[in-house]
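Chemist: Residue numbers (the numbering used here), protein chains in the order written: chain E, 250 to 363; chain L, 4 to 115. Heads up, the beta-carbon is just placed ideally off N, CA and C, and yes, glycines get one too. Here's a structure for you.
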C-alpha cells in the first residue's frame, strides 16, 4: 500500500540556519510528489511538486526538494530559514489514475528560534 | 479573485445534530475533495468527486455524506453517526488532468 513517512514530528532551527525536512514514500510506480505548508488554523499551500525530469525542484519561498528514487525520498531544503517559515510541513504522494488522490504524511512542525 | 471558500471558519454543534460544511470554488475545477485533519494525523480523505453528480468514498467516509449538484459546490454533511466529529475539515479542488490540489482555508468543527 502507498504510504508517506515524515520521520520528524517537530524540528527547531535557529533563524538563518539551514533546514532539511525528511520525507520517505512507498509507491510502486513513478510517484508524483508534493510539499505543502500550513500555518496554524489555515489551509495548505503548495510549496513545490515533482512529476518528472530534473530531480531537484525549486519552489516558492526559497524552498527546494530533491527526488532520490534509490532512497524513496523527497527531502525539503532551505539554505537559510526565516522566522516566517515557522509552520507545519506536509509531504504527499499522488496516487494518480482516475482518482487523483493524494496520500499525506503526518507532517513536521517547524519552530524557528530567534 | 479565484479560489476556494469554506464557511464558516468555526462551527459549534451539539452531539446528535447533523451539520453541513460549505465548500465553493471558482477555479473551474472538475474535481473536489474533503479531508479531515486531526493533530499529529496528517490529512485523511473523506470523499472526493471527479465530476458533477458523482462522488466516491475515501478512506474515512463513515458518518459523512456529500453531494455534488453543481461544479462549484461540494458540501459535506457530518451526521450524528460520526463517532468523533470534532476536527479541522479541509476542502480542495483540482483539474482532472493534474495531480495538484488547491486547498481552502478550512472549517474547525467542535461538537460537544
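Consult DSSP for residue 252/E and reduce its assignment to one of helix, strand or coil.
Modeler: Strand at residue 252/E.
Chemist: So residue 325/E and residue 272/E are in contact, right, with Cβ under 8 Å, and what is the actual spacing, rounded?
Modeler: Indeed they touch by this definition, with Cβ atoms about 7 Å apart.
Chemist: Smallest Cα separation from residue 289/E: which of 18/L, 112/L, 108/L?
Modeler: Taking only the C-alpha atoms, the option nearest residue 289/E is 108/L.
Chemist: Return no unless some Cβ of chain L is closer than 8 Å to the Cβ of residue 293/E.
Modeler: True, the Cβ-Cβ gap to chain L drops below 8 Å.
Chemist: Is the CB of residue 350/E under 8 Å away from at least one CB in chain L?
Modeler: True, the Cβ-Cβ gap to chain L drops below 8 Å.
Chemist: Give me the Cα-Cα distance between residue 258/E and residue 284/E, rounded to the nearest whole angstrom.
Modeler: Between residue 258/E and residue 284/E, the C-alpha separation is close to 15 Å.
Chemist: Closer than 8 Å, CB to CB, is residue 78/L near chain E or not?
Modeler: Output row for residue 78/L: interface = no.
Chemist: Strictly by DSSP, which residues pair up with residue 23/L?
Modeler: Looking at the DSSP assignment, residue 23/L forms a beta bridge with 80/L.
Chemist: Secondary structure at residue 49/L, three-state DSSP: helix, strand or coil?
Modeler: Three-state DSSP puts residue 49/L in a strand.
Chemist: Helix, strand or coil: how does DSSP classify residue 275/E here?
Modeler: Residue 275/E falls in the strand class under three-state DSSP.
Chemist: Need the endpoints of the beta strand (DSSP E) that residue 116/L sits in, please.
Modeler: Because chain L in this structure spans residues 4 to 115, residue 116/L falls outside the shown range and cannot be described.
Chemist: Along the chain, where does the beta strand (DSSP E) containing residue 100/L start, and where does it finish?
Modeler: Segment: none, residue 100/L is in no beta strand (DSSP E) and carries neither H nor E.
Chemist: Within the same chain, show all residues whose beta-carbon is closer than 6 Å to that of residue 311/E, passing over the 5 residues directly before and after it, in chain order.
Modeler: The residues are 327.
Chemist: What did DSSP end up calling residue 318/E once you bin it into helix, strand or coil?
Modeler: The answer is helix: DSSP assigns residue 318/E an H, G or I state.
Chemist: Taking only the alpha-carbon atoms, compute the straight-line gap between residue 97/L and residue 8/L and give it to the nearest angstrom.
Modeler: Cα to Cα, residue 97/L sits roughly 14 Å from residue 8/L.
Chemist: Could you check the C-alpha separation between residue 40/L and residue 275/E for me, to the nearest Å?
Modeler: The straight-line gap from Cα to Cα measures roughly 21 Å.
Chemist: Are the region 6-20 of chain L and the region 54-72 of chain L touching by the rule of at least three beta carbon pairs closer than 8 Å?
Modeler: Segments in contact, no.
Chemist: Using a Cβ cut-off of 9 Å, pull out every chain L residue sitting near residue 339/E, in sequence order please.
Modeler: Those are 45, 46, listed as they occur along chain L.
Chemist: Against chain L, does residue 347/E count as a neighbour if the rule is that its beta carbon must be under 8 Å from one of theirs?
Modeler: Unreliable positioning characterises residue 347/E in this predicted model, as indicated by a pLDDT of 49, which lies under 50. A coordinate reading is not provided.
Chemist: Listed from N- to C-terminal order along the chain, which residues in the region 272-296 of chain E have their beta-carbon within a distance smaller than 9 Å of any beta-carbon of chain L?
Modeler: Going along the region 272-296 of chain E in chain order, one finds 281, 283, 285, 287, 290, 291, 292, 293, 294, 295 with a Cβ nearer than 9 Å to chain L.
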